[in-house]
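Q: Let me begin by handing over the structure; questions about it come next.
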Amino acid sequence: MDTGKEGRFLRWQFALDGLWEEALHLLPGEKGRKERFLLWLEGARRDVAVELFFETEEGEMFLGLRFPPERDVQRRLAMALLDPDRPGPSPAALRALPGLEGLFEGRPDFMELGVVNAWKSSGPLRFWEGGASSPLEALRERLASEEGRYRGPLPLPLALEAAFSSPLPHWMGLPVSSPSPQGHRLDPAKAERALARWADVPRNLFR
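Residue 271 is where the sequence shown ends in my numbering, and the numbering goes up by one at each step.
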């Protein structure tokens with residue numbers, strides 16, 4: 065699967081139970097980021113996930129994954145992600161971590177349209193599942209049936225997300241909105257370009 069080239073790395077964010085509205089944000093170069101994460105993890109429940117944000121010409125793209133439930137595995141993965149001595153965050157660097165070698169290979173299990181950092185509360189629009197018809201046609205049909213949902217201005221940017229279940233739940237989000245004085249609006253041209261990168265023929269993002 066191809067996302068185009070990711071740009072400058074912006075931040076990590078960690079969330080519990082999919083509540084990205086309440087995420088812990090950590091910045092590159094931030095001192096004590098490992099300690100902040102470990103303190104946050106002490107009070108965390110089992111469902112812990114991370115997203116890595118990158119700057120692109122279209123807006124911010126993100127890569128995410130849900131950690132295994134074992135607390136020691138969560139801690140080890142996070143420490144590797146936040147290690148300042150490792151190469152800068154990238155899709156390839158993420159896939160190089162132990163146990164994550166098979167990330168983003170083949171076709172996604174499903175695709176959704178949603179609001180960045182308000183995915184759960186805003187109610188994502190699932191428009192495609194594996195084996196279905198063209199994702200672009202599926203998105204157009206779902207938008208047409210939603211009676212204006214996602215067509216008006218929204219307070220946060222929108223993204224198309226492709227989700228995978230193996231080797232553990234992970235996803236990739238591409239920006240598909242443009243800012244306006246009233247808020248962020250779905251940009252059909254950006255959505256079409258994002259889906260063009262996620263062609264039906266499986267391609268390895270890391271070649």
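For glycine and all other residues, C-beta sits at the position ideal for the given N, C-alpha and C.
Values in this document were obtained by computation on a predicted structure and should not be read as measured data.
(1) Since V114 is in the beta strand (DSSP E), which residue starts that stretch and which ends it?
(2) So what's E201 in DSSP terms, helix, strand or just coil?
(3) With P146 and W235 assumed to form a contact (beta carbons below 8 Å), what rounded beta-carbon distance in angstroms separates them?
(4) So, helix, strand or coil for P243, using DSSP?
(5) I'd like the span of the alpha helix (DSSP H) that includes A160, first residue to last.
(6) Can you say whether P199 is buried or exposed, counting buried as having 16 or more other CB atoms within 10 angstroms of its CB?
(7) On the three-state DSSP scale, how would you describe R267?
(8) Please report the distance separating the alpha-carbon of G195 from that of A253.
(9) Given a threshold of 16 other Cβ atoms within 10 Å of its Cβ, counted over all protein chains shown, does L158 qualify as buried or as exposed?
(10) To the nearest angstrom, how far is it from the Cα of L259 to the Cα of V240?
(11) Counting Cβ pairs, one atom from each stretch, are 3 or more of them under 8 Å apart for the stretch 157–175 and the stretch 216–228?
(12) Quick one: complete alpha helix (DSSP H) runs, 4+ long, within the stretch 182–238?
(13) Give me the Cα-Cα distance between P233 and V180, rounded to the nearest whole angstrom.
(14) Of the residues G82, L238, E210, M143, which one's Cα is nearest the Cα of V112?
(15) First and last residue of the beta strand (DSSP E) that includes V180?
(16) Applying the criterion that 16 or more other CB atoms from any shown protein chain within 10 Å of the CB defines a buried residue, is E122 buried or exposed?
(17) Sorted by chain position, which residues of the same chain lie with C-beta nearer than 6 Å to F101's C-beta, five sequence neighbours on each side aside?
(18) Should S242 be counted as a contact of the ligand PLP given a C-beta to heavy atom distance under 6 Å?
(19) DSSP puts A79 in a beta bridge; with which residues?
(20) If F118 sits next to R190, beta carbons under 8 Å apart, how far is it from one beta carbon to the other, in whole angstroms?
(21) Helix, strand or coil for F168 per DSSP?
A: Looking at the coordinates:
(1) Residue mapping note: residue 114 aligns to position 50 of the sequence shown, counting from 1. Run containing V114: 112–120, per the beta strand (DSSP E) assignment.
(2) Stepping through the sequence shown from its first residue, residue 201 is reached at position 137. Residue state, collapsed to three classes: helix.
(3) Position 82 of the sequence shown holds residue 146. Position 171 of the sequence shown holds residue 235. Before going on, a small fix: residue 146 reads as Leu here, not Pro. That belief does not hold up - the Cβ atoms of L146 and W235 are roughly 20 Å apart, past 8 Å.
(4) Within the sequence shown, the letter at position 179 stands for residue 243. For P243, the secondary structure class from DSSP, reduced to helix, strand or coil, is strand.
(5) Here residue 160 corresponds to residue number 96 of the sequence shown, with the count starting at 1. Secondary structure note for A160: it is in no alpha helix (DSSP H), with a DSSP letter that is neither H nor E.
(6) Your numbering for residue 199 matches position 135 in the sequence shown. By the neighbour-count rule (16 or more Cβ atoms within 10 Å), P199 is buried.
(7) For the purposes of this step, residue 267 is taken as residue 203 along the sequence shown, with counting starting at 1. Because the pLDDT of R267 is 43, which lies under 50, any placement of that residue in the model is unreliable, and the number read from its coordinates should be weighed accordingly. Coil, per DSSP.
(8) Along the sequence shown, read from residue 1 onward, the residue named residue 195 stands at position 131. Along the sequence shown, read from residue 1 onward, the residue named residue 253 stands at position 189. Approximately 24 Å between the Cα atoms of the pair.
(9) Position 94 of the sequence shown, counted from the first residue, corresponds to residue 158. Its Cβ being crowded by 16 or more others within 10 Å, L158 is buried.
(10) Here residue 259 refers to the residue found at position 195 of the sequence shown. Here residue 240 refers to the residue found at position 176 of the sequence shown. Near 10 Å, if we compare the C-alpha coordinates of V240 and L259.
(11) Yes, since at least three Cβ pairs between the stretch 157–175 and the stretch 216–228 fall closer than 8 Å, the two stretches touch.
(12) Within the stretch 182–238, the complete alpha helix (DSSP H) segments of 4 residues or longer fall at 183–186, 199–209, listed in chain order.
(13) Walking along the sequence shown from the start, residue 233 turns up at place 169. Walking along the sequence shown from the start, residue 180 turns up at place 116. Spanning the two alpha carbons is a distance of roughly 18 Å.
(14) Translated into the one-based positions of the sequence shown, residue 112 becomes position 48. Put simply, of G82, L238, E210, M143 the residue whose alpha carbon is nearest the alpha carbon of V112 is G82.
(15) Indexing the sequence shown from 1 puts residue 180 at position 116. For V180, no beta strand (DSSP E) segment is defined, and its DSSP state is neither H nor E.
(16) Here residue 122 is taken as the residue at index 58 of the sequence shown, counted from 1. Classification for E122: buried.
(17) Counting from 1 along the sequence shown, the entry for residue 101 is found at position 37. Excluding sequence neighbours, F101 sits near A142.
(18) The ligand content of the structure shown is nil, which means the ligand PLP is not present either.
(19) If you number the sequence shown from 1, residue 79 lands on position 15. Residue pairing from DSSP places A79 in a beta bridge opposite A113.
(20) As a working note, residue 118 is residue 54 in the sequence shown. As a working note, residue 190 is residue 126 in the sequence shown. Not really, about 24 Å apart at Cβ, beyond 8 Å.
(21) As a first step, residue 168 is located in the sequence shown; it is residue number 104 there, counting from the start. DSSP places F168 in coil when its eight states are reduced to three.
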